[in-house]
Each structure stands twice: as structure tokens, then as C-alpha cells.
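One structure below.
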Amino acid sequence: MNPISYNANEVFNVANDPVNAHIGSASPAMPVPPHLPEFLVYNTDIVLEYPNPLQPNNYANYSAGPVYDSVELSDSFLIQPL
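For what it's worth, the UniProt record's numbering labels the leading residue of the sequence shown as 1, then goes sequentially.
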């Protein structure tokens with residue numbers, strides 16, 4: 001039940017689990033501002049592409065197409081231990 005409209009809504013699972021993704025090695029090519037201490041920079045790009053649960057033939061007003069296609073971009077700046 002939607003708490004704002006009080007209408008019943010369909011709910012869809014999203015195949016998106018970046019929390020359990022493996023963080024790779026530091027990215028030395030990432031720019032770090034020169035006035036900051038030495039940082040390790042981790043860059044995580046998660047590309048998502050899977051069948052859209054909101055298929056256009058059933059949800060024409062809400063669907064962007066037959067494939068859900070997006071990307072999550074994340075950078076982490078960690079101070080290197082001395």
C-alpha cells in the first residue's frame with residue numbers, strides 16, 4: 001500500500017547488489033588534489049544490465065525499454081597509513 005496515495009502498488013525486486021561487490025586495487029591514475037595528504041583511491045564502477053521487470057508491453061507509461069541499463073560510479077579516498 002502506497003502511504004501517500006493509499007493505492008495498492010506492484011513491487012519488483014531489483015537485481016542490484018553493489019554492497020557485496022569486490023573492491024579492486026588502488027587506481028593510481030585517479031587524480032588526487034595536490035594539497036591533500038597521500039591518499040589511496042579506489043574506483044568502483046558497477047554496470048547493470050538485465051531484463052527490465054517493467055516490460056514496455058505491460059507498463060508502457062513507466063518502462064524505458066525491455067532492458068534495464070544503468071551504471072553506479074563510486075570513488076573512495078583513503079588516507080595511506082604512515
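Here a beta-carbon is modelled for each residue, glycine too, at the ideal position from N, C-alpha and C.
No experiment lies behind these values; they were computed from the predicted model shown.
Sub-7 angstroms separation of residue i and residue j beta-carbons
i, j, result
"Y62", "L54", "yes"
Euclidean distance between Cα positions of residue i and residue j
i, j, result
"residue 141", "N7", "Nothing in the structure corresponds to residue 141, since the chain is present only between 1 and 82."
"S70", "I79", "30 angstroms"
"P66", "A60", "11 angstroms"
"L40", "D75", "10 angstroms"
"N58", "F77", "43 angstroms"
"A26", "N2", "Residue confidence for A26 is low, a pLDDT of 49 falling below 50, so the modelled location carries little weight and cannot support an answer."
"L73", "I4", "31 angstroms"
"A64", "P51", "11 angstroms"
"P56", "Y68", "11 angstroms"
Endpoints, beta strand (DSSP E) assigned at residue i
i, result
"N43", "F39 to P51"
"I79", "V67 to I79"
Within-7 angstroms CB hit, residue i to chain C
i, result
"A60", "Absent from the structure is chain C; it holds one protein chain and no more."
Evaluate contact between the segment 39–50 and the segment 4–12, counting only Cβ atoms and requiring at least three cross-stretch pairs below 8 angstroms.
Contact between the segment 39–50 and the segment 4–12 is absent, because fewer than three Cβ pairs lie under 8 angstroms.
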